[in-house]
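Each residue of the sequence shown is one higher than the last, beginning at 117 in this note's numbering.
C-beta atoms are modelled at their ideal positions from N, C-alpha and C, and glycine is treated no differently.
Before any comments, here is the structure.
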Amino acid sequence: GKQAVAHASEVLECFGGAGYVEDTGLPVLLRDAQVLSIWEGTTNVLSLETFRALQRENAWGLLSEKIKRHAQVAQDSRLKSLAETTLKATGHALEWVSRTGPNDPRAFEAGARRCALSLGRCLALSLLIEHAQWELDHGGDARSLHAARRFAEHGIDLVLDEANLDADAALALG
Numbered sequence: 117g118k119q120a121v122a123h124a125s126e127v128l129e130c131f132g133g134a135g136y137v138e139d140t141g142l143p144v145l146l147r148d149a150q151v152l153s154i155w156e157g158t159t160n161v162l163s164l165e166t167f168r169a170l171q172r173e174n175a176w177g178l179l180s181e182k183i184k185r186h187a188q189v190a191q192d193s194r195l196k197s198l199a200e201t202t203l204k205a206t207g208h209a210l211e212w213v214s215r216t217g218p219n220d221p222r223a224f225e226a227g228a229r230r231c232a233l234s235l236g237r238c239l240a241l242s243l244l245i246e247h248a249q250w251e252l253d254h255g256g257d258a259r260s261l262h263a264a265r266r267f268a269e270h271g272i273d274l275v276l277d278e279a280n281l282d283a284d285a286a287l288a289l290g
């Protein structure tokens with residue numbers, strides 16, 4: 117939701133003044149992006165709903181296996197390091213869910229958004245890795261590899277552990 121607003125705004129700016137003219141249909145993109153969270157719910161609510169569905173269907177293992185399957189396609193050493201990053205982040209997120217969910221519902225609700233975003237980024241990176249390896253195997257250039265690397269540079273593991281929360285509290289509260 118939040119990224120959609122930023123991207124739609126950038127698209128409008130790319131077109132200059134024409135981007136704001138209603139006849140182009142572009143302003144609709146920005147308006148739709150802005151109301152998405154109202155229609156669909158905030159990312160925190162969506163995260164909790166996603167986790168409920170994963171729990172109800174006992175699909176945590178399926179999600180983990182899907183990420184692993186895509187990431188393990190990596191043969192190029194540069195992609196292997198990205199695969200390690202996504203597998204480590206996936207493990208960390210799932211470990212956080214199993215440790216926090218049943219034991220501390222308030223902490224789980226507070227961290228669900230970060231965890232869901234982490235798992236989403238893990239899946240996205242694993243798919244980028246798979247595509248980059250395919251490109252390299254079929255005589256393509258390294259653009260897909262660079263796209264995967266750049267994506268990873270923006271952070272994959274967003275889960276905060278209790279130690280991080282304690283440090284944040286110390287900074288905020290003194």
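Between the Cα of His123 and the Cα atoms of Leu142, Glu246, Val137 and Gly133, which residue gives the shortest distance? Among Leu142, Glu246, Val137 and Gly133, the Cα nearest to that of His123 is on Leu142.
Counted within 10 angstroms of its Cβ, other Cβ atoms place Thr206 as buried (16 or more) or exposed: Under this definition Thr206 is a buried residue.
CA nearest to the CA of Leu243, picked from Ala258, Ala263, Cys231 and Arg230: When C-alpha distances from Leu243 are compared across Ala258, Ala263, Cys231 and Arg230, the shortest belongs to Ala263.
In the DSSP assignment, find the unbroken alpha helix (DSSP H) run with Glu245 in it and report its ends. Glu is not the amino acid found at residue 245; the sequence shown has Ile there. Note, Ile245: alpha helix (DSSP H), Pro221 to Asp253.
Residue from Ala286, Leu162, Phe167 and Leu128 whose Cα sits closest to the Cα of Ser214: Considering only alpha carbons, the answer is Phe167.
DSSP three-state label for Asn160, please. The answer is helix: DSSP assigns Asn160 an H, G or I state.
I need the DSSP call for Asp277, collapsed to helix, strand or coil. The answer is coil: DSSP assigns Asp277 none of H, G, I, E or B.
Where does His186 land, buried or exposed, given buried means 16+ other C-beta within 10 angstroms? His186 is buried by the Cβ-count criterion.
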